[in-house]
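**Student:** For the sequence shown, numbering that gives the first Met the number 0 gives the first residue as 0, with consecutive numbering after it.
C-beta atoms are modelled at their ideal positions from N, C-alpha and C, and glycine is treated no differently.
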Amino acid sequence: MIIKLFCGFRPKKEYVKNVTTPPYDVVSRDDVRKALSMNELSFFKVTRADGLFDDSFNEYDSIIYKKARENWQWFLRKKIFILDNAPHFYVLSQKFNKKERIGLYAIVSMEDYESGRIKKHELTREEKLIDRTKHIEVVKAQTGPVMLFFKDDRNFKGLIGSVLMEKPVFEFSDENGVLNKLWAVNRKDLILNIEDFFKEIDFLYIADGHHRAEAAYNIFKNSKDKSFSNLNSWLLSVIFPHDQLLILSYNRIIKGVEHFLLDDFIDYISKIFYVKQVKDLIPNRKGDIRFYCDGKCFSIRLRSKKNDDIAKNLDVNILHEFILKPYFNIHNPSQSDRIEYIGGFDSVEQIKKKVDMGNAITGFSLYPVDIEDIINISNDNKIMPPKSTWFEPKLRDGIVVYSLENKNLLEKV
0 MIIKLFCGFR PKKEYVKNVT TPPYDVVSRD DVRKALSMNE LSFFKVTRAD GLFDDSFNEY
60 DSIIYKKARE NWQWFLRKKI FILDNAPHFY VLSQKFNKKE RIGLYAIVSM EDYESGRIKK
120 HELTREEKLI DRTKHIEVVK AQTGPVMLFF KDDRNFKGLI GSVLMEKPVF EFSDENGVLN
180 KLWAVNRKDL ILNIEDFFKE IDFLYIADGH HRAEAAYNIF KNSKDKSFSN LNSWLLSVIF
240 PHDQLLILSY NRIIKGVEHF LLDDFIDYIS KIFYVKQVKD LIPNRKGDIR FYCDGKCFSI
300 RLRSKKNDDI AKNLDVNILH EFILKPYFNI HNPSQSDRIE YIGGFDSVEQ IKKKVDMGNA
360 ITGFSLYPVD IEDIINISND NKIMPPKSTW FEPKLRDGIV VYSLENKNLL EKV
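1. In the DSSP assignment, find the alpha helix (DSSP H) that holds TYR89 and state where it starts and stops.
2. Would PHE56 be called buried (16 or more neighbouring beta carbons within 10 Å of its own) or exposed?
3. Just mark TRP73 as buried or exposed, buried being the case when its beta carbon has 16 or more other beta carbons within 10 Å.
4. Taking the beta strand (DSSP E) that ASN84 belongs to, which residues open and close that run?
5. So, helix, strand or coil for VAL18, using DSSP?
6. May I have the straight-line CA-CA distance separating ILE159 from ILE193, to the nearest angstrom?
7. Going by CA-CA distance only, name the one from PHE321, LEU261, GLU320, SER303 that's closest to CYS296.
8. Can you grab the Cα-Cα spacing for the pair PHE344 / ASP224, in whole Å?
9. Under a Cβ-count criterion, where at least 16 other Cβ atoms within 10 Å of its own Cβ denotes burial, should LYS311 be classed as buried or exposed?
10. Expressed to the nearest angstrom, what Euclidean distance is found between the alpha-carbon atoms of ASP421 and ILE1?
11. Which residue's Cα is closest to the Cα of GLY176: SER387, ASP279, GLU99?
12. Please report how far the alpha carbon of ASN231 lies from the alpha carbon of LYS77, in whole angstroms.
13. Can you check the stretch 294–332 for any alpha helix (DSSP H) of at least 4 residues that lies completely inside it and give the ranges in chain order?
14. Run the CB neighbour count on ASP293, radius 10 Å, all protein chains shown included, and call it buried at 16 or more, exposed below.
15. In terms of residues, what are the limits of the beta strand (DSSP E) holding ASP173?
16. In the DSSP output, which residue or residues are listed as bridge partners for ALA140?
17. Give the DSSP-derived three-state secondary structure of LYS225 in the structure shown.
18. When we look at the beta-carbon of SER114 and count the other beta-carbons within 10 Å, is it buried (16 or more) or exposed?
19. Return helix, strand or coil for ARG68, following the three-state DSSP convention.
20. Roughly how many angstroms lie between the CA atoms of SER284 and PRO86, to the nearest whole one?
21. Whose C-beta lies closer than 6 Å to the C-beta of PHE290 among residues of the same chain, with five residues either side of it excluded?
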């Protein structure tokens, strides 16, 4: 794989805690408005400028992107962000729940994305893709990274371990209690070792950020200059070893269905699944799908032999093919307003709360997808259903920004 160091914009350490935000796509417009009302330094001013406008403005209105650009320039004028005067790799540590994961901020080649060496496992939604493409075009920056991973059998942590002994350029705990630390790496010997390490890596895999990646590719493929010296030829990423990623279940609630009766539903699914009432909503293995309704938890398991196709054998696919599509008439989950996705550590509690409050008729809890399944599905060039994986912790926007305006920000090749 071809990866490169670059000159990144990063917040001054006295501002970083207030500036950085969760990814743009895991918060609602109302959440953004609330955050902006409490914090004028929030990077949502750039990544989600729609939160600065009332609902008379469509969230994809052209004025939104212009405002995002203006706000990015404001951050620079106020010197809230500083530019490294030489190209760097950046090492990121995230500590949470007594665990630590360590990744590398780098820019990766869009040629590798185009050729399929950077592999994806989800389709993108056109509306969301157009949004991020416009955002990058108008702001002239990649404001948040794509989360990538690789199959590590070569001791990545040992490679960059010496960096972790040094003082970070900043550290802060975010609103979820995750301790984020960043180091800027410009030692020539280590840079060469990192580049050589990744030359031996055959593939990178997208964990989070399919829309960011495809949006950056849209801009790259429409560029006349596709050389490495073109800033649009690169994608801002944080790269992790596969065994450091934590995948949680990405659960679903069903709403807006009239005349739903639990007994009728159980009669229907009992022809296809083994059904039993259980004490909790947390699946204990693959193939164990659980749902919550009328204050009760149920476990269901497919009666028939599973498909040998890895993608079709995923619990999320089984749920879609045997329940969501035939019973709830949800044929396109990414477009349906009758399904809502809930991820994170408290997703089971959220399901129960929404069902008990009458905001949903039922909710489904799935066992987390295995990282090896993602690798195998991606290697087979197959696609997983939307919202199949929820990675924790999330990568924050605004820790390092990759500007597309000055070629001097890119190491010469």
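**Tutor:** With the given structure in hand:
1. Premise fails: TYR89 lies in the beta strand (DSSP E), 88–95, not in any alpha helix (DSSP H).
2. Exposed.
3. It is exposed - the Cβ of TRP73 has fewer than 16 other Cβ atoms within 10 Å.
4. Note, ASN84: premise wrong, no beta strand (DSSP E); not H, not E.
5. In the structure shown, VAL18 sits in a helix (DSSP, three-state: H, G or I).
6. Spanning the two alpha carbons is a distance of roughly 8 Å.
7. A check of alpha carbon separations from CYS296 across PHE321, LEU261, GLU320, SER303 identifies LEU261 as the nearest.
8. Straight-line Cα distance between these residues: approximately 44 Å.
9. Around the beta carbon of LYS311, a 10 Å sphere encloses fewer than 16 other beta carbons of the protein chains shown; the residue is thus reported as exposed.
10. Residue numbering for the chain in the displayed model covers 0 to 412; residue 421 lies beyond these limits and cannot be assessed.
11. Nearest of SER387, ASP279, GLU99 to GLY176, Cα basis: GLU99.
12. Looking at the two C-alpha atoms, the distance is approximately 26 Å.
13. Within the stretch 294–332, the complete alpha helix (DSSP H) runs of at least 4 residues are 314–318.
14. Exposed is the call here.
15. Segment: none, ASP173 is in no beta strand (DSSP E) and carries neither H nor E.
16. Answer is SER402.
17. In the structure shown, LYS225 adopts coil according to DSSP, grouped into three states.
18. SER114 sits exposed, since fewer than 16 C-beta atoms from the chains shown fall within 10 Å of its C-beta.
19. ARG68 falls in the helix class under three-state DSSP.
20. What sits at residue 284 in the sequence shown is Arg, not Ser. Roughly 45 Å separates the two Cα atoms.
21. Cβ within range, chain order: PHE297, THR361, PHE363.
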